[in-house]
Amino acid sequence: MDAQTDTRSETRTVNLILLGPPGAGKGTQARILMEERGLTQLSTGDMLRAAVAAGTDAGKAAKAVMEAGGLVSDEIVVAIVDDKLAEEKSGPGVIFDGFPRTAAQAESLDALLAKHGMQLDAVVSMEVDDDAMVGRVSGRYTCGGCGEGYHDAAKVPRTEGVCDKCGGSDFKRRADDNAETVRARLEAYHADTAPLIAHYAATGKLKTVDAMKDIDDVTAAIRAAI
Ligand code: ADP
Ligand code: ADP
Ligand code: ZN
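Read in my numbering, the sequence shown has 71 at position 50, and its numbers run on one by one without any break.
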């Protein structure tokens, strides 16, 4: 491969979906890919939490559903993704984290990508054991300053109480990250989201990674897959 081809392959646009239940590591891997390749993380969960915090109409409608671990309406979620894609369409690529979560959202995504002149390159299914997800999600916390994710056992800051990335010391836990709500979210995943694996397998874009491995190993598997 000559130098010119090399450069092009490193900088080409990549749009991908990270598919997996709560705790699979979608946010963790999306942030790593964002840093490595300049891709934009499009997390509908983060955008919905921002809408709830800002008290917008969408946020007001979403709040109780999110607290109970249910799925916010397709209409609300698709509208926020549409707005975000309008900003990102000429960027280096988007990592969809937590979207689509229903068959209707997957259909809407196709329409939105066409509308914004974008294409989908890969769908990475992150395979995990449900039982382990309760521990992952219950132990999750994030830096309030920069959003870096941590875990009580699997990923602690190098210096206790100090964020590796920004030096901040204000950490947050999500209200919905408790054992009871995780069970409801896992049920929603199996009922509404898991069928998308077969849907994307049929398009030939599906890649599967073992997301029970350590964070670095999962990153390597995703890199190889895309
Ligand atoms: P998701 O976005 O899929 O819900 P996160 O990326 O937030 O998942 O990860 C959930 C929790 O598990 C976080 O606390 C994170 O630090 C931790 N985690 C992520 N990937 C792994 C992994 N491969 N092994 C162990 N813990 C992990
Ligand atoms: P996780 O992957 O850890 O379950 P997210 O941050 O992706 O968490 O989502 C948190 C909550 O936000 C979900 O339980 C759901 O209520 C809502 N949500 C996020 N994305 C979507 C979506 N695409 N469709 C419907 N609801 C969503
Ligand atoms: Zn930080």
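Where is the CB? At the ideal position from N, CA and C, for every residue including glycine.
Quick one: give me the first and last residue of the alpha helix (DSSP H) that Ile243 is part of. The sequence position of residue 243 within the sequence shown is 222, counting from 1. For Ile243, the enclosing alpha helix (DSSP H) has its first and last residue at 236–246.
Who are His172's beta bridge partners in DSSP? Working through the sequence shown from its first residue, we reach residue 172 at position 151. In the DSSP output, where bridge partners are listed per residue, His172 has Arg161, Lys176.
For a test of the three-state rule: what should DSSP assign to Val11, helix, strand or coil? Outside the modelled stretch of the chain, which goes from 22 to 247, sits residue 11, for which no answer is possible.
Between the Cα of Ala232 and those of Val145, Val115, Thr123, spot the shortest distance and give me the residue it belongs to. As a first step, residue 232 must be located in the sequence shown, where it is residue number 211. Taking only the C-alpha atoms, the option nearest Ala232 is Val145.
Relative to the alpha-carbon of Val86, which residue among Arg70, Arg157, Asp235, Asp142 has its alpha-carbon at the smallest distance? Working through the sequence shown from its first residue, we reach residue 86 at position 65. Selection Arg70, Arg157, Asp235, Asp142 evaluated against Val86 yields Arg70 as nearest (Cα-Cα).
Going by beta-carbon coordinates alone, are Asp142 and Leu37 separated by less than 8 angstroms? What you label residue 142 is simply residue 121 of the sequence shown in a count that begins at 1. What you label residue 37 is simply residue 16 of the sequence shown in a count that begins at 1. Cβ atoms of Asp142 and Leu37: closer than 8 angstroms.
Coarse secondary structure for Val203, derived from DSSP in three states: Position 182 of the sequence shown holds residue 203. Residue state, collapsed to three classes: helix.
Which same chain residues end up closer than 6 angstroms to Gly170 when comparing Cβ atoms and leaving out the 5 residues on each side of it in sequence? One-based indexing of the sequence shown puts residue 170 at position 149. If we look at Gly170 and ignore the five residues flanking it on each side, its Cβ neighbours are Gly48, Thr49, Thr163.
Contact check, Ala74 vs Ile101, beta carbons under 8 angstroms: Indexing the sequence shown from 1 puts residue 74 at position 53. Indexing the sequence shown from 1 puts residue 101 at position 80. Cβ distance not < 8 angstroms, so Ala74 and Ile101 don't count as in contact.
Strand pairing of Ala143, partner residues [DSSP]: Position 122 of the sequence shown, counted from the start, is the residue given in the question as residue 143. Beta-bridge pairing links Ala143 to Leu37.
How long is the line joining the alpha carbons of Glu108 and Asp235, rounded to whole angstroms? Walking along the sequence shown from the start, residue 108 turns up at place 87. Walking along the sequence shown from the start, residue 235 turns up at place 214. Cα-Cα distance, rounded: 33 angstroms.
Three or more beta-carbon pairs under 8 angstroms between the segment 154–163 and the segment 196–213, yes or no? Segments in contact, yes.
What's the call for Ser64, buried or exposed, on a 16-neighbour Cβ count within 10 Å? In the sequence shown, counting from the first residue as 1, residue 64 sits at position 43. Ser64 is buried by the Cβ-count criterion.
In its own chain, which residues sit with a C-beta less than 7 angstroms from the C-beta of Leu60, not counting the 5 before and 5 after it? Here the question's residue 60 lines up with position 39 in the sequence shown. Excluding positions up to five away in sequence, the list reads Val35, Leu54, Pro113, Gly114, Val115, Ile116.
Leu130 to Thr224 span [Cα, whole Å]: As a position in the sequence shown, residue 130 is number 109, starting the count at 1. As a position in the sequence shown, residue 224 is number 203, starting the count at 1. Taking the straight line from one Cα to the other gives about 14 angstroms.
Beta carbon of Glu201: closer than 7 angstroms to some heavy atom of ligand 3? Numbered from its first residue, the sequence shown carries residue 201 at position 180. No - ligand 3 has no heavy atom lying nearer than 7 angstroms to the Cβ of Glu201.
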